[in-house]
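The sequence shown begins at 3 in the numbering used here and counts up by one.
These notes concern the structure reproduced below.
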Amino acid sequence: MATVSDTMSCPDSMLNPLPGAGLVPEDFEVVAVLECADGVTREDADGVLAGNEVRRYEGDLTGFLAAMAAPSDPGPAAVCPAIGYGFRALWATDAAGRFVPMSFPLTACGGPKEDETLAALARLEIVDRAFSAAGRVELHDATAAGCATRAGVAPLDVLGWAPTETQAPADVAGALVCVYHAEAPASTPTVVGDGGLFAAAFSLDADDAAAVLEAAAAPPAGVECAETASRFVVVHPDVTAAAVSAPRTVTVELDGCQRIVGTDLQTRSAPPALIPLLSP
Numbered sequence: 003m004a005t006v007s008d009t010m011s012c013p014d015s016m017l018n019p020l021p022g023a024g025l026v027p028e029d030f031e032v033v034a035v036l037e038c039a040d041g042v043t044r045e046d047a048d049g050v051l052a053g054n055e056v057r058r059y060e061g062d063l064t065g066f067l068a069a070m071a072a073p074s075d076p077g078p079a080a081v082c083p084a085i086g087y088g089f090r091a092l093w094a095t096d097a098a099g100r101f102v103p104m105s106f107p108l109t110a111c112g113g114p115k116e117d118e119t120l121a122a123l124a125r126l127e128i129v130d131r132a133f134s135a136a137g138r139v140e141l142h143d144a145t146a147a148g149c150a151t152r153a154g155v156a157p158l159d160v161l162g163w164a165p166t167e168t169q170a171p172a173d174v175a176g177a178l179v180c181v182y183h184a185e186a187p188a189s190t191p192t193v194v195g196d197g198g199l200f201a202a203a204f205s206l207d208a209d210d211a212a213a214v215l216e217a218a219a220a221p222p223a224g225v226e227c228a229e230t231a232s233r234f235v236v237v238h239p240d241v242t243a244a245a246v247s248a249p250r251t252v253t254v255e256l257d258g259c260q261r262i263v264g265t266d267l268q269t270r271s272a273p274p275a276l277i278p279l280l281s282p
């Protein structure tokens, strides 16, 4: 039997049934069903936000509740596919505003039996949608500047992967510099992923861009440093017609360890003169 609660919240992961999920208690009078849908986006004046949307379904709930209360298939099955299952986050709610996390009947392999339940859910009416933003996925200003909305710092000598080849400095006409501010707290490592949000953009002339690429081509230096950068830039070189190949981007931490992540994705310390050059 499911647990009755005064609150509900969207889960971070939907790979497992909701905590406390089960059959709706017989004395719990359901007036609506709530679904937490993840991966929902909404556009605002600044760009696009991603998050969760809680949808409230009302109508004749008889068919849906009967489908959710159907028995699971006997199991375990002799042969099951080697895949993970996703579980929709559904709650029943009563007139008093209490909630019951609902569980799907299961297949013999442990996955949710969704066909009948979701068909019954689709016959209900969505009477309300409540969007909760989890993060910014697009900024109009970043797109207009030619920068990604989000970026991260991922040096391979931190991750422990095999390094790629260092590119020799190329002939460049300049560079676009995209500036990012880390959103995570200073105590949270952000060397991997997209923890930086676009803040600004500016350009470098040919000489300054060449200085960045020259510093990025220096031998890697395995200096230990545990400080997390709160600001960093991604430098996009603009090559000349004489360049043999387009150089890859270079990332520079403006504070913290002040490392350069070169085209080989290895780190070296940034020359002192480089930090003010790349600080807007």
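Backbone N, C-alpha and C define an ideal beta-carbon position, used for all residues, glycine too.
A quick note: this is a predicted structure, and the numbers were derived from the prediction, not measured.
Item	Value
Whether Val32 touches Ala94 by CB criterion (8 angstroms)	yes
Presumed contact (8 angstroms Cβ cut-off) between Ala231 and Gly258, rounded CB distance	3 angstroms
Alpha-carbon to alpha-carbon, Ala217 and Phe234	16 angstroms
Helix, strand or coil at Asp143 according to DSSP, with G and I counted as helix	helix
Residue nearest to Tyr182 in terms of C-alpha spacing, selected from Pro13, Glu140, Val236	Val236
Meets three-Cβ-pair contact criterion under 8 angstroms: the segment 88-107 and the segment 7-23	yes
Simplified DSSP assignment, three categories, for Leu280	helix
Collapsed DSSP secondary structure at Gly77 in the structure displayed	coil
Status (buried if at least 16 other CB within 10 Å, exposed otherwise) for Pro83	exposed
Environment of Ile85 [buried if 16+ CB atoms lie within 10 Å]	exposed
Simplified DSSP state of Leu126, which is helix, strand or coil	coil
Same chain, Cβ closer than 6 angstroms to Thr151, neighbours up to 5 away in sequence not counted	Glu140, Leu141, Ala144, Phe200
Val35 and Phe133 closer than 8 angstroms at C-beta	no
Leu108 versus Leu120 - alpha carbon distance	14 angstroms
Buried versus exposed call for Ala184 [16 or more other C-beta atoms within 10 Å across all chains shown]	buried
Where the alpha helix (DSSP H) containing Asp62 begins and where it ends	Neither: Asp62 is in no alpha helix (DSSP H) and is coded neither H nor E.
Cβ separation of Ala153 and Cys180, assumed to be a contact under 8 angstroms, to the nearest whole Å	7 angstroms
Beta bridge counterpart(s) of Tyr182 as assigned by DSSP	Phe200, Phe234
Spatial distance of Ala283 from Gly53 (CA atoms)	Since the displayed the chain opens at 3 and closes at 282, residue 283 lies outside it and no answer follows.
CA nearest to the CA of Val81, picked from Glu45, Glu127, Ala110	Ala110
Rounded C-alpha distance that separates Ala136 from Ser15	13 angstroms
8 angstroms Cβ shell around Thr253 - same chain, five flanking residues per side excluded	Ala153, Val155, Phe234, Val235, Val236, Val237, Ile262, Val263
Ala98 versus Met10: straight-line alpha-carbon distance, rounded	14 angstroms
Residue burial classification, Arg125 (beta-carbon count within 10 angstroms, cutoff 16)	exposed
Start and end residues, beta strand (DSSP E) containing Glu45	34-45
Segment limits, beta strand (DSSP E) that includes Leu92	91-95
Nearest neighbour of Ser271, chosen from Cys227, Pro282, Pro239 [CA to CA]	Cys227
Limits of the beta strand (DSSP E) - the one that Glu255 falls within	252-255
DSSP-derived helix/strand/coil call for Asp240	strand
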